[in-house]
Amino acid sequence: MRIRAGYNLSFECQAVTPMLLVLEIHPSRRIDLLTEQIISFDRPIESRGYIDGFGNACTRIEAPVGLTTISTDFEIYDSGKPDVVAADAVQHDIKDLPDDVLVFLLGSRYCDTDRLGDFAWANFANTPPGWPRVQAICDFVHTHIAFNYQNADPLRTAHGGYTDRTGVCRDFAHLAITLCRCMNIPARYCTGYLGDIGVPPVPDPMDFSAWFEVYLGGHWFTFDARHNKPRIGRILMATGRDATDVALSTSFGASRLAGFEVITEEIMPGVDG
């Protein structure tokens, strides 16, 4: 299938402000692009791209004083297949994990494993290790947190999501990641596009989405505690320890998000992009 995706984001700055942007698709998906993916600015701005330590495509800019709109619009090929389910994927002993995977067992800014370890072991120690254990964690998080855009909180950690029992997709991901790490299952945070493709549309404005991946059987597999079922049409943008590593924008100075529009939709056969 063909998917059209993109965004228009506007930032207002009172002074020249250095910014770090994570707004490109993940390098692993570039091979699927059907059109160029170019980050555009509505004012003359110099930008420089680089690949960070997690393999994400990042952009550095200095936003000028006033309002700046950043945008992109592209088409990408997708297999149309739902997320892979590998029910027999095994959990590795820690001694057998690759060195670069170990960081995804550790606590991080939003994944406070030290506060949820006892709960995790009390509730998931008797589940079969591997895929069934991760699915049990997803089942718990899916029913424990109520999705509500109005209750988004950029300061909420995984433990906060556990106690508040409300939040947005990042809160589902943070709690599930943390519980997996507590059970010695490497888990990493993912951000990207996920439109209402293959499911009934919802009335909420389109947004970027958060999910997570776990390392089982020598591979990274996608899980989504918010939706808790395989979905079609994910477009990965970035992975990291938690939302800190994959923030859409990080401002080294004061800035205000003044406009936010995200586009993710299937291009139906016979319709020109």
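Its first residue numbered 1, the sequence shown is counted upward by one per residue in the UniProt record's numbering. Glycine residues also receive a C-beta, built at the ideal position from the N, C-alpha and C atoms.
Rounded to whole angstroms, what is the Cα-Cα separation between residue 118 and residue 124?
For residue 118 and residue 124, the distance between alpha carbons rounds to 10 Å.
Considering only the alpha carbon of each residue, which of 69, 64, 116 lies closest to residue 42?
Of the candidates 69, 64, 116, the one whose C-alpha sits nearest the C-alpha of residue 42 is 69.
Identify, in the order they occur along the chain, each residue of the same chain with its Cβ nearer than 6 Å to the Cβ of residue 71, setting aside the five sequence neighbours on each side.
These residues qualify, in order along the chain: 8, 40.
List the DSSP bridge partners of residue 240.
Residue 240 pairs with 189.
If you reduce the DSSP assignment to three classes, tell me which class residue 18 lands in.
DSSP places residue 18 in strand when its eight states are reduced to three.
Would residue 107 pass as a contact of residue 178 if the rule is Cβ separation under 9 Å?
Cβ distance < 9 Å, so residue 107 and residue 178 count as in contact.
Name the two residues that bound the continuous beta strand (DSSP E) containing residue 207.
It is not in any beta strand (DSSP E) - residue 207 carries neither H nor E in the DSSP assignment.
Would you list the one or two residues that DSSP bridges to residue 324?
Since the displayed the chain opens at 1 and closes at 273, residue 324 lies outside it and no answer follows.
What do you reckon, are the CB atoms on residue 13 and residue 249 nearer than 9 Å?
Against a cut-off of 9 Å, the Cβ pair of residue 249 and residue 13 comes out as no contact.
For residue 247 and residue 187, I'd like the C-alpha separation in whole angstroms.
The straight-line gap from Cα to Cα measures roughly 17 Å.
Considering Cα atoms alone, identify which of 51, 26, 61 is closest to residue 16.
Cα-wise, what sits closest to residue 16 is 61.
List the DSSP bridge partners of residue 76.
DSSP lists 3, 33 as partners of residue 76.
Which class does residue 39 belong to by DSSP, given the choice of helix, strand or coil?
Looking at residue 39 - three-state DSSP - the assignment turns out to be coil, as it is neither helix nor strand.
Among 196, 86, 183, which one has its Cα closest to the Cα of residue 114?
For the residues 196, 86, 183, the minimum Cα distance to residue 114 belongs to 183.
Select from 64, 56, 74, 54 the residue whose C-alpha is nearest the C-alpha of residue 37.
It is 74 whose Cα lies nearest to the Cα of residue 37.
Starting from the C-beta of residue 221, find all residues in its chain whose C-beta is less than 7 Å away, skip the five residues before and the five after it, and write them out in chain order.
Result list for residue 221: 84, 86, 89, 213, 214, in chain order.
So residue 143 is in the alpha helix (DSSP H); what residue range does that whole segment cover?
Run containing residue 143: 131 to 144, per the alpha helix (DSSP H) assignment.
Do you know whose CA, among 266, 263, 259, lies nearest residue 10's CA?
Nearest option by C-alpha distance: 259.
Where residue 56 and residue 105 are concerned, what is the direct C-alpha to C-alpha distance, given to the nearest angstrom?
One C-alpha to the other measures close to 20 Å.
Could you give the DSSP three-state label for residue 47: helix, strand or coil?
Here residue 47 sits in strand by DSSP.
Counting C-beta neighbours from all protein chains within 10 Å, is the total for residue 174 16 or more, i.e. buried, or is it exposed?
Buried.
Taking only three categories from DSSP, how would you classify residue 219?
Residue 219: strand per DSSP, three-state reduction.
Within the segment 95 to 122, note down every full alpha helix (DSSP H) run reaching 4 residues or more, in order along the chain.
Qualifying alpha helix (DSSP H) stretches: none in this window.
Output the distance between the C-alpha atoms of residue 142 and residue 80, rounded to the nearest integer angstrom.
Straight-line Cα distance between these residues: approximately 24 Å.
Under 9 Å, do residue 26 and residue 238 count as touching if we go by C-beta distance?
In this structure, residue 238 lies closer than 9 Å to residue 26 by Cβ.
Smallest Cα separation from residue 111: which of 267, 200, 269, 159?
Closest by alpha carbon: 159.
Could you name the residues of the same chain whose beta carbon sits closer than 6 Å to that of residue 207, not counting the 5 residues immediately before and after it, in chain order?
Closer than 6 Å at the Cβ level, and outside the excluded window around residue 207, lie 262.
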